[in-house]
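The numbering used here puts the first residue of the sequence shown at 7, with every later residue one more than the last. In this text, a Cβ means the ideal position worked out from N, Cα and C, and glycines have one as well. For reference, the structure discussed in these notes is given below.
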Amino acid sequence: MEQVRTRIWREEAEPADRFATRSAHCRGYDVYGDMLGRARWVDMLWLLFREEAPTEAQARLLEALAVALANAGPRDAAVHAAMCSGLGRSPAAAALMAALAVGAGRHGGAQEVAAAITLWTDAPGDAESFATHWVSSAAPVAAIWPEADHPPGFEPNGVVTAGIVCAALQRLADIGDGPRLSWLASQRAAVEAAVGLPLAMSGVAAAALADLGFSPEQGEMLHLLLRLPGAAAHALEQRAGSYKDFPFFALDLQDDPLTEAA
């Protein structure tokens with residue numbers, strides 16, 4: 007019986023049709039014979055990225071993080087891009103690609119999360135040293151990305167820490183048993199004062215992913231993936247509506263020629 011296999015996946019072909027899959031195994035687990043109907047989505051997600059199945063505590067933390075990241079909301083640039091795509095009646099794939107493209111970078115995006123996970127590898131244990139390390143250390147970045155203009159995981163335009171960021175950090179710290187989330191939850195105010203910026207959701211995600219043992223590259227992929235559901239839902243909502251109902255504020259234009267003419 008012919009097999010197609012990688013380190014992650016092994017398929018066995020149907021005896022009568024070499025192009026049809028008879029069974030599929032992920033890291034040795036029979037996906038359709040044993041996992042289907044028993045395993046959770048996060049169990050499968052974990053196995054695709056990691057060599058071993060998650061512990062109950064790891065699965066619970068990843069599941070909670072997935073809920074926290076599922077919908078960044080219309081204010082988020084990646085979701086906004088998907089909404090614009092949906093409003094223009096673009097195909098479904100185009101809406102998701104718009105969200106991925108905008109959500110991939112170094113301002114609240116997956117590259118920022120990857121950079122923050124890298125910095126968490128050897129982050130010091132007090133707020134002042136943490137801030138110095140975070141601001142002065144340069145995480146590796148692909149040549150296609152511009153240099154970041156702010157420390158990764160913090161909101162460069164923020165005035166206060168968003169309520170959802172505080173809530174997500176505290177809840178994830180309560181659920182997880184890793185050192186980074188717990189330390190960040192207890193030291194958030196001091197860290198923000200030392201850095202000079204409020205914590206962002208990307209910083210919470212990076213701490214959680216680092217506590218779960220994901221590499222920067224794995225964390226980058228997961229951050230892109232876990233934020234897609236909200237982008238998809240908002241794109242579909244806008245696709246069914248009109249541009250006149252697009253949910254954003256009226257613009258106050260400076261030197262508006264229409265106002266001046268009146």
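Residue environment, residue i, which counts as buried when at least 16 other CB atoms sit within 10 Å
i      : result
Leu24  : Per the sequence presented here, residue 24 reads as Arg, with Leu not at that position. Exposed.
Ser208 : buried
Thr124 : buried
Pro97  : exposed
Asp82  : buried
Gly182 : buried
Gln117 : buried
Leu228 : buried
Ala241 : buried
Val10  : exposed
Separation of residue j from residue i, as counted between CA atoms
i      : j      : result
Val85  : Trp15  : 32 Å
Gln244 : Gly92  : 5 Å
His269 : Ala65  : Shown here, the chain extends from 7 to 268; a query on residue 269 therefore has no answer.
Gly45  : Tyr38  : Reading off the sequence, residue 45 comes out as Ala, not Gly. Distance between the alpha carbons of Ala45 and Tyr38 is about 10 Å.
Ala88  : Ala72  : 19 Å
Tyr249 : Val197 : 42 Å
Ala110 : Gly94  : 22 Å
Cβ-based neighbour list, residue i, same chain, cut-off 6 Å, excluding 5 preceding and 5 following
i      : result
Glu69  : Val48
Asn77  : Gly236
Ala137 : Ala200, Val201
CB contact flag (residue i, residue j, <7 Å)
i      : j      : result
Leu187 : Asp217 : yes
Leu75  : Leu232 : yes
Glu161 : Ala206 : yes
Val119 : Ala211 : yes
Gly225 : Leu234 : no
Glu20  : Arg28  : yes
Neighbourhood of residue i by C-beta distance below 7 Å, restricted to the same chain and skipping five residues each side
i      : result
Glu134 : Ala200
Simplified DSSP state of residue i, which is helix, strand or coil
i      : result
Ser188 : helix
Leu218 : coil
His31  : strand
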